[in-house]
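Quick note on numbering: the working numbering labels position 77 of the sequence shown as 332, and the sequence is numbered without any gaps. From the three backbone atoms N, C-alpha and C, an ideal C-beta is built for every residue, glycine too.
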Amino acid sequence: MQVYLNGEFLDQKEAAVSVADRGFVFGDGVYEVTRVVNGKFFQEEEHLVRLDEGLKGLKINLDEKIRDSIPDISRDLIKRNGLTEGEATVYLQVTRGAAFPRTHTFPDPEVPATVYLSSGPFKPHKELHEKGVEVITVPDVRWTRCNLKTVNLLPNTLARQQARDAGANSAVMIRDGVITESPNANIFAAKGGSLYTFPASNYILNGITRRVVIDIANSLNIPIITEPVRQDDLYDLDELFFTGTTTDIQPIVKVDGQNLGKGEPGEIVRSIQKEYNKRLYG
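Shown next, in the form of structure tokens:
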């Protein structure tokens, strides 16, 4: 597979970054993952706008010409890797660059940002979308700037591994007694015909798919309430589901070994799935 790294297309096995890269030594960078269906990039501009927000939040200066060339690089990449048909994803990462000595302050003088893109085939989790998944609850111990999509994902990784060790698919994260999100997806809850989701703030990533689901709900006249759901009210919910670029719309049917709602995907998540698939594959 070919990847793009700092102006060059390379064989994946040959691509390498410096041990002084701040993404390596500090996790000092941001990333995005974009879904591609038959060569069509889904919500591409929204991903790029969020990339800009992340770069601004971390004060990483990316050369304007490089930033503007990302769509062309992405398309060149999927062509080189034979991914113009079927489903694929493009991964994009930008770090502050490589600099000696290792210091907690930004490099002075500034160094060029490291830009890396890769692509690969993607297979949707259709069985999980149909049957739903089992999850566990875990404390949300991440930093309080979760709105920035940084490469600092250790708490997310530990939470997802904890779920796997427990025989569950994923985790529902709890902060101060309320549901925030999962290690790699946003969460929606349904109760009494309305949808609830944690408000867009520094405590969650305002997911691209999350925004699509809100738009779908509005088009279907499903009320959206941007309020946190209390952990104590979890088992009073009718439905709960994940949303994400590679997660799609994934129902949650069991939490900590106990059925949620009827223990099967409900009517609201089914209606959201149907409309989402129209937009993704239409």
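Check whether residue i and residue j have beta carbons under 9 Å apart
| i | j | result |
| --- | --- | --- |
| residue 293 | residue 340 | yes |
| residue 427 | residue 481 | no |
| residue 289 | residue 297 | yes |
| residue 258 | residue 267 | yes |
| residue 424 | residue 390 | yes |
| residue 285 | residue 279 | no |
| residue 422 | residue 441 | no |
| residue 328 | residue 283 | no |
| residue 287 | residue 306 | yes |
| residue 466 | residue 301 | yes |
Delimiting residues of the alpha helix (DSSP H) encompassing residue i
| i | result |
| --- | --- |
| residue 307 | 299 to 313 |
| residue 416 | 409 to 420 |
| residue 536 | 522 to 536 |
| residue 473 | 463 to 474 |
| residue 277 | 277 to 280 |
Residue i: first and last residue of the uninterrupted beta strand (DSSP E) it sits in
| i | result |
| --- | --- |
| residue 265 | 263 to 266 |
| residue 389 | 388 to 394 |
| residue 334 | Note, residue 334: premise wrong, no beta strand (DSSP E); alpha helix (DSSP H) at 319 to 335. |
| residue 369 | 369 to 376 |
| residue 426 | 425 to 430 |
| residue 258 | 257 to 260 |
| residue 450 | 449 to 451 |
Option nearest residue i by Cα separation, candidates the options
| i | options | result |
| --- | --- | --- |
| residue 395 | 324, 338, 438 | 438 |
| residue 492 | 510, 307, 421 | 510 |
| residue 453 | 411, 432, 471 | 432 |
| residue 367 | 410, 349, 508 | 349 |
| residue 317 | 336, 299, 326, 370 | 370 |
| residue 277 | 309, 311, 337, 352 | 352 |
| residue 504 | 527, 516, 513, 518 | 527 |
| residue 382 | 517, 270, 502 | 502 |
Residues bridged to residue i (per DSSP)
| i | result |
| --- | --- |
| residue 516 | DSSP output for residue 516 lists no bridge partner at all. |
| residue 496 | 443, 506 |
| residue 291 | 296, 343 |
| residue 400 | Answer is none; residue 400 lacks a bridge partner. |
| residue 485 | 433 |
| residue 353 | 276 |
| residue 286 | 348 |
| residue 405 | 285 |
Own chain partners of residue i with C-beta closer than 7 Å, once the 5 adjacent residues on each side are dropped
| i | result |
| --- | --- |
| residue 343 | 291, 333, 374, 375, 376, 377 |
| residue 521 | 445, 493, 494 |
| residue 552 | The shown model of the chain, from 256 to 537, leaves out residue 552, and the question about it has no answer. |
| residue 387 | 506, 507, 508, 519, 520 |
Cβ-based neighbour list, residue i, same chain, cut-off 6 Å, excluding 5 preceding and 5 following
| i | result |
| --- | --- |
| residue 415 | 438 |
Sequence-distant residues of the same chain with beta carbon closer than 8 Å to residue i, five excluded per side
| i | result |
| --- | --- |
| residue 335 | 257, 264 |
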